[in-house]
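Reviewing the structure listed below.
Written as structure tokens, this is what we have:
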């Protein structure tokens, strides 16, 4: 009986979770109540990824380039060979001209040279990290992006949350959740500030991995965020709830869920009646109020 009740209660909580995150889905219509949470395309919005804006800029740069692209790339190769200074505008133009894996390989060499020459210049400096990530996003070169963002020789080049967020989103879409977690850990190791998008990505990645380790990471990140006074989005918290349920941590799921809902709401009242204090075995309520 207890097992049956626990299962029905989890289903109820998952249904409430779905209606909370995706109001237009409602309580029916899908055979899997977590399908909306598993959607791959909407962790980051276009306003963050800015892929279309980047592509429009690429067209403009190519049209305004004096001479041919081949000539420009060849001159940069000569600069590398002759150990000449790489200018900021040269790197920015190069990243907008890249259209193939070979082009990106050249860009990587230029990035290493540029960063070696400018690693101590940070005040007001242009952020190339998001630009490179958008390029890798466009060309499906997530492995190259991971290689560079984890390279200690480039520490400081990707000094913004946007670069890490775009890469984690890219890896999430490709189903490379372990690599995405490694990028998240690298971001934390570099002491970069997490924003709301980061927490959504982090909890979604942990949810997809669905292991005791990922549950612990999710729990730790969430607790640290709350201690710092961070405001977690409802969507991030819903991923944390879903992961807790998948790991049979029902008390934790109810605790998180209750924090993002009005404690006076019918849903929270039903949950607290069924699982008082979040510690004891659930008891059958007199009636689940809908």
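Residue numbers (the numbering used here): 31 to 320.
The C-beta atom is built at its ideal place from N, Cα and C for all residues, glycine as well.
Kindly indicate which residue of the options has the alpha-carbon position closest to the one of residue i.
{"i": "residue 142", "options": "169, 231, 210, 179", "result": "179"}
{"i": "residue 188", "options": "169, 219, 201, 209", "result": "219"}
{"i": "residue 162", "options": "226, 251, 81", "result": "81"}
{"i": "residue 200", "options": "105, 181, 164", "result": "164"}
{"i": "residue 8", "options": "279, 275, 267, 276", "result": "This structure leaves residue 8 out entirely; the chain is present only between 31 and 320."}
{"i": "residue 105", "options": "93, 123, 94, 172", "result": "123"}
{"i": "residue 273", "options": "246, 264, 289", "result": "246"}
{"i": "residue 146", "options": "182, 176, 227", "result": "182"}
{"i": "residue 102", "options": "137, 216, 282, 160", "result": "137"}
{"i": "residue 112", "options": "149, 150, 140", "result": "140"}
{"i": "residue 185", "options": "202, 173, 148", "result": "148"}
Pull up the distance between the alpha-carbon of residue i and that of residue j, whole angstroms please.
{"i": "residue 254", "j": "residue 198", "result": "20 Å"}
{"i": "residue 235", "j": "residue 207", "result": "6 Å"}
{"i": "residue 91", "j": "residue 291", "result": "49 Å"}
{"i": "residue 239", "j": "residue 157", "result": "31 Å"}
{"i": "residue 211", "j": "residue 96", "result": "42 Å"}
{"i": "residue 65", "j": "residue 265", "result": "The pLDDT assigned to residue 65 is 44, lower than 50, so where the model puts this residue is not dependable, and the model offers no usable value."}
{"i": "residue 229", "j": "residue 262", "result": "7 Å"}
{"i": "residue 41", "j": "residue 226", "result": "28 Å"}
{"i": "residue 280", "j": "residue 203", "result": "28 Å"}
{"i": "residue 121", "j": "residue 134", "result": "12 Å"}
{"i": "residue 243", "j": "residue 249", "result": "10 Å"}
{"i": "residue 144", "j": "residue 114", "result": "10 Å"}
{"i": "residue 173", "j": "residue 98", "result": "29 Å"}
Helix, strand or coil for residue i? Go by DSSP, reduced to three states.
{"i": "residue 127", "result": "helix"}
{"i": "residue 84", "result": "helix"}
{"i": "residue 264", "result": "helix"}
{"i": "residue 224", "result": "coil"}
{"i": "residue 171", "result": "coil"}
{"i": "residue 181", "result": "coil"}
{"i": "residue 114", "result": "coil"}
{"i": "residue 94", "result": "helix"}
{"i": "residue 269", "result": "helix"}
{"i": "residue 187", "result": "coil"}
Considering just the uninterrupted stretch of the alpha helix (DSSP H) at residue i, what are its terminal residues?
{"i": "residue 352", "result": "Residue 352 lies beyond the stretch modelled for the chain, which goes from 31 to 320, so this question has no answer here."}
{"i": "residue 155", "result": "No alpha helix (DSSP H) holds residue 155; DSSP gives it neither H nor E."}
{"i": "residue 245", "result": "242 to 257"}
{"i": "residue 284", "result": "280 to 290"}
{"i": "residue 218", "result": "207 to 219"}
{"i": "residue 78", "result": "76 to 79"}
Can we count residue i as close to the ligand ATP, meaning its CB is less than 6 Å from some heavy atom?
{"i": "residue 197", "result": "The model depicted lacks the ligand ATP and carries no ligand whatsoever."}
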